[in-house]
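Step one of this worksheet: look at the structure below.
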Amino acid sequence: MAVVGEPVEATLDNTTSKTDTSASAALQPKKVFMRTYGCQMNVYDSDRMTDVLGPEGFTTTENMEDADLVILNTCHIREKAAEKVYSELGRIRKVKEERARQGKEMMIGVAGCVAQAEGEEISRRAPIVDLVIGPQSYHQLPKLLKTARDGTKVVETEFDIDAKFKHLSERAARPPLKRAPSAFLTVQEGCDKFCTFCVVPYTRGAEVSRSVEQIVTEAEQMAVAGVREITLLGQNVNGWHGAGPDGNSWGLGRLLYRLSEIDGLDRLRYTTSHPRDMDDELIQAHRDLKTLMPYLHLPVQSGSDSILASMNRKHTRDEYFRLIDRIREAAPDIALSCDFIVGFPGETDQDFQDTMNLIRRVEFGSAFSFKYSQRPGTPGALMDNQVDEDIKSARLAELQELVAQQQTAFNASRINMTFGVLFERKGRMPGQIVGKSPWLQPVQVDASEDLIGTIQPVEILEIGRNSLFGQLKPGHHDVVGQ
Ligand code: SF4
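In the numbering used here, the protein residues as written are 2 to 483.
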């Protein structure tokens, strides 16, 4: 999966910081400004970085000007990702200079996939950067920060994923802190698929899975800390194969059955999946587990067999259709989501129409779509039959129009339905709270914020562009999402 969504920029706020300040009372309080780009994996990793910085006296700030430490947690998915990081660093340099005039320090770190891909080049092109740190080394952040503060530029991009996973397990063994009702849990990192458009196998390395015990321990801790919904994360999450307590290798389906036994965990999700790794047990889990939400993000990227082959996706369009049929047989009301790339090298009008026909046949609840862009170091970047930008733009607009129609139709099909909504935060309007439907749609309701962290039955009255609007239905016992 690499194209897991329109890369979003999320600035972590103080309310979601899970820093443990108990050990840091004697330390000078410091502030970290964390800017997160890209997929949920990066959001999860940013949380982990704030976790390890907590005992060092750091709390989070939303104002870069107040920060003693700025970290850009970068994403390499989008076009010219590295150039965008360099121009952002140019803006940060001015803030750093202003703080220096006031006699205040500001250290700057670059993390994430651009850090992994660019390595020393970042220190060379942007000397203001004190620390370049790849995704497998976040647990070492305090130590590396100290080295950088002592005046040594740090570039740490080793692939020691076992050490990172070990650290995550140690963290899970600590007393739980209060957590938001919905949380991510990384079960797997890296990818062995080598799709020809994707940088993930190069920036995140080969697939590595955490053990069942590690994952269950962390999930149990999350449940005690108030988490009601966990989304299992991995670049190729359904490729997860972890050592089980019985000595056998478990697949994701079996793991979901085990996680569904944890008291207090009401909802499970996972993202992002590859069609080749949807095995029978995982599909059965969608049929059997009330806790497994009826939503599946299953990227196909293209509906043309020749483009799928050129992308090295390792499946055909017919195999995708057969898979969708099996999933819908197991879970008829499932919402399917997808990623599409238009204008991959060599894509003809007919190839594109094959993609449009695939969308019409499957009918998605939502989808992310992108124009193909060349990523340095990937085979696709070297293909000589690149598609004209104007053609890509026209195809993308046509595809997005069709997906928008399907998304609206799916959302409209929820009107007058009553189902469980997990409330997560206050809405923009006074008196409004926002939660998630079982199908991952935002749901807005006028209700007390005391309900945040609970699942309540909601009747849907109308739909907006991206959200559903409803009213509480106290006492309603519904079948989905409770
Ligand atoms: S190479 Fe792996 S991470 Fe990238 S799109 Fe393919 S399956 Fe996804």
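Glycine included, every Cβ here is placed at the ideal spot set by N, Cα and C.
These numbers were taken from a predicted model, which means no experiment stands behind them.
*Rounded to whole angstroms, what's the CA-CA distance from R36 to V96? Just pull it up for me.*
Distance between the alpha carbons of R36 and V96: 15 angstroms.
_N43 to R396 span [Cα, whole Å]_ = Approximately 29 angstroms between the Cα atoms of the pair.
*Counting only runs of 3+ residues fully inside the region 96 to 148, write out the beta strand (DSSP E) ranges in chain order.*
Within the region 96 to 148, the complete beta strand (DSSP E) runs of at least 3 residues fall at 108 to 112 and 132 to 134.
_Nearest candidate by alpha-carbon position, reference G378, set P202, S138 and M357_ = Closest by alpha carbon: P202.
*Taking 7 angstroms as the line, does the beta carbon of Q236 fall inside it for any heavy atom of the ligand SF4?*
Yes, Cβ of Q236 sits closer than 7 angstroms to a heavy atom of the ligand SF4.
*DSSP three-state call for A226: helix, strand or coil?*
Of the three classes helix, strand and coil, the one that applies to A226 here is coil, per DSSP.
*Look at the Cβ atom of V213, then the Cβ atom of G245, and state whether they are nearer than 8 angstroms.*
Against a cut-off of 8 angstroms, the Cβ pair of G245 and V213 comes out as a contact.
*asked:* Is V343 a contact residue of the ligand SF4, with contact defined as CB to any heavy atom under 7 angstroms?
replied: False, no ligand heavy atom lies under 7 angstroms from that Cβ.
_Among I216, A448, Q442 and S449, the one whose alpha carbon lies nearest that of S468_ = Checked all of I216, A448, Q442 and S449; the closest Cα to S468 is Q442.
*Could you give the distance in angstroms between the alpha-carbon of A207 and the alpha-carbon of T419?*
Cα to Cα, A207 sits roughly 43 angstroms from T419.
*Indicate, with yes or no, if the ligand SF4 has a heavy atom lying under 7 angstroms from the CB of K144.*
Checking the Cβ of K144 against the ligand SF4 gives no.
_Meets three-Cβ-pair contact criterion under 8 angstroms: the region 422 to 436 and the region 383 to 392_ = The region 383 to 392 and the region 422 to 436 do not touch, with fewer than three beta-carbon pairs separated by less than 8 angstroms.
*Taking just the CA atoms, how far does G347 sit from I308?*
Looking at the backbone, the Cα of I308 and that of G347 are separated by about 8 angstroms.
*So, is L462 buried or exposed, given that buried needs 16 or more other C-beta atoms within 10 angstroms?*
Its Cβ having fewer than 16 others within 10 Å, L462 is exposed.
*asked:* Any heavy atom of the ligand SF4 closer than 7 angstroms to the beta-carbon of P202?
replied: The answer is yes for P202.
*Just how far apart, CA to CA, sit A83 and D46?*
Approximately 19 angstroms, taken between the alpha carbons.
*Is DSSP giving F322 helix, strand or coil here?*
F322: helix per DSSP, three-state reduction.
*Decide if the region 244 to 259 is in contact with the region 191 to 199; the criterion is three or more beta carbon pairs, one per stretch, under 8 angstroms apart.*
The answer is no - the region 191 to 199 does not touch the region 244 to 259, with fewer than three Cβ pairs under 8 angstroms.
*Residue interval of the alpha helix (DSSP H) (run including D48)*: From DSSP, the alpha helix (DSSP H) with D48 extends over Q41 to L54.
*Would you list the residues sitting across from Q445 in a DSSP beta bridge?*
Per the DSSP secondary-structure output, Q445 pairs in a beta bridge with V435 and F470.
*Tell me whether P248 sits in a helix, a strand or coil according to DSSP, three-state version.*
At residue 248 the sequence reads Gly, which differs from the Pro that was named. Note: G248 maps to coil in three-state DSSP.
*DSSP state of M294 mapped onto helix, strand, coil*: Three-state result, M294: coil.
*asked:* Quick check on the burial criterion: 16 or more other C-beta atoms within 10 angstroms. Buried or exposed for G476?
replied: Exposed, because fewer than 16 other Cβ atoms sit within 10 Å of the Cβ of G476.
*asked:* Measuring straight from C-alpha to C-alpha, what distance separates N417 and E460?
replied: Between N417 and E460, the C-alpha separation is close to 6 angstroms.
*For F195, is the beta carbon positioned less than 7 angstroms from some heavy atom of the ligand SF4?*
Within the cutoff, so yes.
_Cβ-Cβ separation, V217 to L257 (assumed contact under 8 angstroms), whole Å_ = The pair is not a contact, with the Cβ atoms about 11 angstroms apart (cut-off 8 angstroms).
*asked:* Quick check: what's the CA-CA separation for T20 versus D48?
replied: Low confidence applies here, because T20 scores a pLDDT of 34, under 50, leaving its location unreliable; read the following figure in that light. Straight-line Cα distance between these residues: approximately 9 angstroms.
*What is the DSSP secondary structure of A184, reduced to helix, strand or coil?*
A184: strand per DSSP, three-state reduction.
_Which of helix, strand or coil DSSP assigns to E66_ = Correct three-state label for E66: helix.
_Residues of its chain near A448, where Cβ-Cβ distance is below 6 angstroms and the 5 sequence neighbours each way are ignored_ = Counting only Cβ-Cβ distances below 6 angstroms, and skipping sequence neighbours, we find I434 and L473.
*Measure the C-alpha to C-alpha separation of G91 and V130 and round it to an integer number of angstroms.*
Their backbone Cα atoms lie some 10 angstroms apart in a straight line.
*Mark G344 as exposed unless 16 or more other C-beta atoms lie within 10 angstroms of its C-beta, in which case mark it buried.*
By the 10 Å Cβ count, G344 comes out buried.
*Determine, using beta carbons only, whether F424 and G454 come nearer to each other than 8 angstroms.*
Cβ distance < 8 angstroms, so F424 and G454 count as in contact.
*Cβ-Cβ separation, H77 to V115 (assumed contact under 8 angstroms), whole Å*: Right, the Cβ-Cβ distance comes to about 5 angstroms (below 8 angstroms), so this counts as a contact.
*Taking Q285 as the reference, which of G254, P56, R270 and D340 has the closest Cα?*
The candidate whose alpha carbon is nearest that of Q285 is G254.
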